[in-house]
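Report on the structure given below.
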Amino acid sequence: MSKATPAVITAALGLMVGYDSAVGAAAPSEPVARNERHQDLQRVADNIHSVISDARALEATYTSLVKRATNTDIRAFVSPDDLGTLEELLKNLRGVEVGLKGADVPAELMDLHMQVRRAIAKGRSRVAAFYSLAWQAYTEPKVVAARASGEGLRSLADHTTRRLVELANA
């Protein structure tokens, strides 16, 4: 898949630690202390830019894999064993998203923080799309015996559509 993926997760986790150290230092009044805080914030900002770059690379990689999967048989380049790896990657990316959402971020870094959250979310979205395609390729559909007739389902769909239109116009 992508060797940049673990780097995104590791860097994002390191970023949260950087937030803790930057938040821990209150706005100092002495010039030397202010300079140190500024340097800490700059270091964290540089780390954020690096994570954003890695997340965009992750997004680009999985976007190209999704395109490739829609043009060719995905089983030619993804094995059933890769499904577990992709699922774990998704869990880790979601964990990073939750961690970043709850992070205590210095006000000076809030705009960058939102950018990194969006970049990771976009990357995770592409991984999820790719995982879904791979999962569908290796999972047998389950046929369920139905008692509803085709006409009954059509009638239900028509009723639901009418009701949604009524609600939308209310």
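For the working numbering, count along the sequence shown from 1 and bump the result up by 5.
Where a beta carbon is used, it is the ideal one built from N, C-alpha and C, also for glycine.
Query	Result
Beta-carbon proximity check, LEU114 vs VAL13, cutoff 8 Å	no
Local Cβ density within 10 Å of GLU64, reported as buried at 16 or more and exposed below that	buried
N- and C-terminal bounds of the alpha helix (DSSP H) containing THR165	155 to 174
Separation of THR166 from ALA173, as counted between CA atoms	10 Å
ALA108 to VAL83 span [Cα, whole Å]	35 Å
Any 3 or more C-beta pairs closer than 8 Å across the segment 69 to 88 and the segment 134 to 152	yes
Beta-carbon gap between LEU98 and ILE57 smaller than 8 Å	no
Whole-angstrom distance between VAL148 and PRO111, CA atom to CA atom	53 Å
Beta-carbon proximity check, ARG122 vs GLU92, cutoff 8 Å	no
Beta-carbon contacts of ALA74 that lie in its chain and below 6 Å, excluding the five residues immediately before and after	LEU138
Rounded separation between VAL22 and ASP45 - CA only	12 Å
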